[in-house]
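Undergrad:
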Amino acid sequence: MSYDAPGPGGLDYAPCRFRGSRMLFRGPERAIDGAFVACLGGTETYGKYVRRPWPARLEAAAGLPCLNFGSVNAGIDSFLNEPAVMEAAQAAQVVVVQAMGAQNLSNRFYAVHPRRNDRFLGPRPLMARLFPEADFTEFHFTRHMTGALAQRAPESFARLRAALRATWVARMTELIDRLGVPVVLLWLGQAAPPDTAETAEAPEPLFVDRAMIEALRPRLAAVVEAPPAAAGGAEGMAVPPLEAPAAAALPGPAAHAAAAEALLPVVGQYLPQS
Numbered sequence: 004m005s006y007d008a009p010g011p012g013g014l015d016y017a018p019c020r021f022r023g024s025r026m027l028f029r030g031p032e033r034a035i036d037g038a039f040v041a042c043l044g045g046t047e048t049y050g051k052y053v054r055r056p057w058p059a060r061l062e063a064a065a066g067l068p069c070l071n072f073g074s075v076n077a078g079i080d081s082f083l084n085e086p087a088v089m090e091a092a093q094a095a096q097v098v099v100v101q102a103m104g105a106q107n108l109s110n111r112f113y114a115v116h117p118r119r120n121d122r123f124l125g126p127r128p129l130m131a132r133l134f135p136e137a138d139f140t141e142f143h144f145t146r147h148m149t150g151a152l153a154q155r156a157p158e159s160f161a162r163l164r165a166a167l168r169a170t171w172v173a174r175m176t177e178l179i180d181r182l183g184v185p186v187v188l189l190w191l192g193q194a195a196p197p198d199t200a201e202t203a204e205a206p207e208p209l210f211v212d213r214a215m216i217e218a219l220r221p222r223l224a225a226v227v228e229a230p231p232a233a234a235g236g237a238e239g240m241a242v243p244p245l246e247a248p249a250a251a252a253l254p255g256p257a258a259h260a261a262a263a264e265a266l267l268p269v270v271g272q273y274l275p276q277s
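Put into structure tokens, the structure is as follows:
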């Protein structure tokens, strides 16, 4: 099933590739001319099922282009692996990076798809030794895999989870340093960042906790925690009938509006004054 083609009751996202990038972004494609804000993130920033995602709302409020580089199922690796997107973001006045899950990263235990980071490509030797009874051919997606391993071998999984957290901090540090411009980290979750993120059944961003965010704070221009604004499942979203369960796990229009409102005074500090 295509993630981008509209079905009955769905939206036309006009998917496009920016400057030859292999990632698909929400269109239509826009030229970069003058000052702008770059918005990096996954499905939530892309605005799946939402007519006006937070980058569009922030643009209307700030009066400056906010380029939506959100991509369905993207993770930190997606952007580090895309030179065209990194080069564009390095020219922004400020970059807003959505906090994305720690499970969607290639690491010393397993590899993920370089663009669709939710896709599990296979275990590395260390992973096979840590979970000798696991049949990794049954896993195609990282969330399914981590959830299953957490249930079957909780002690071994604790080692994997610790490695994922360390990888997330290291990869976010690399992203911030390579961007070289002010970076605002946006927490767009169904709840505030947890003190500990141990369960594999938690909402996105999976396995990311407050200590991990605090480890990045010295490198960040700011951390913005968008207040949770559940819109009653898929209420207010454009959802094809068979996709309601998937939509219920994503932020609705109220959450996107809350994110844009929370970001505006922070981002505004880095924008040119008219």
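Using the working numbering, read the sequence shown as starting at 4 and increasing by one per residue. Every residue, glycine too, gets a C-beta built ideally from N, C-alpha and C.
Please report the distance separating the alpha-carbon of Leu209 from that of Gln106.
TA: Here residue 209 refers to the residue found at position 206 of the sequence shown. Here residue 106 refers to the residue found at position 103 of the sequence shown. Answer to the nearest angstrom: the Cα atoms are 7 Å apart.
Undergrad: Have a look at Phe139, Arg122 and Gly104 and flag the residue whose alpha-carbon is nearest the alpha-carbon of Arg155.
TA: Indexing the sequence shown from 1 puts residue 155 at position 152. For the residues Phe139, Arg122 and Gly104, the minimum Cα distance to Arg155 belongs to Phe139.
Undergrad: Less than 7 Å between C-beta atoms, sequence neighbours within five positions excluded: which residues of the same chain meet that for Glu177?
TA: Taking the sequence shown and counting its residues from 1, the one referred to as residue 177 is at position 174. Answer for Glu177: Leu83, listed in chain order.
Undergrad: Tell me whether Leu188 is buried or exposed, calling it buried when 16 or more other Cβ atoms sit within 10 Å of its Cβ.
TA: The residue given as residue 188 occupies position 185 in the sequence shown. Per the 10 Å Cβ criterion, buried.
Undergrad: Taking the beta carbon of Thr170 as the centre, do at least 16 other beta carbons fall within 10 Å, making it buried, or is it exposed?
TA: One-based indexing of the sequence shown puts residue 170 at position 167. The residue is buried, with at least 16 neighbouring Cβ atoms inside 10 Å.
Undergrad: With a CB to CB cut of under 8 Å and the five nearest residues on each side skipped, what residues in its chain are close to Ala92?
TA: The residue you call residue 92 lines up with position 89 of the sequence shown. Closer than 8 Å at Cβ, skipping near neighbours: Ala41, Leu43, Phe72, Phe82, Val98, Leu182 and Val184.
Undergrad: Note down the Cα distance separating Gly150 from Asp180, rounded to an integer number of angstroms.
TA: Residue numbering aside, residue 150 sits at position 147 when the sequence shown is read from its first letter. Residue numbering aside, residue 180 sits at position 177 when the sequence shown is read from its first letter. Rounded to the nearest angstrom, the two C-alpha atoms are 32 Å apart.
Undergrad: Got a sec? Which residues, its chain only, sit under 8 Å from His143 by beta carbon, not counting five neighbours each side?
TA: If you number the sequence shown from 1, residue 143 lands on position 140. Answer for His143: Arg122 and Phe123, listed in chain order.
Undergrad: What residues are listed by DSSP as bridge partners for Asn71?
TA: Looking up residue 71 in the sequence shown gives position 68. Answer is Cys42.
Undergrad: Using 8 Å as the Cβ pair cut-off and three pairs as the minimum, do the segment 62–78 and the segment 264–275 touch?
TA: Touching, per the Cβ criterion.
Undergrad: Distance, Cα to Cα, Phe160 vs Pro135?
TA: Counting from one through the sequence shown, the residue named residue 160 turns up at place 157. Counting from one through the sequence shown, the residue named residue 135 turns up at place 132. Computed Cα separation, rounded: 12 Å.
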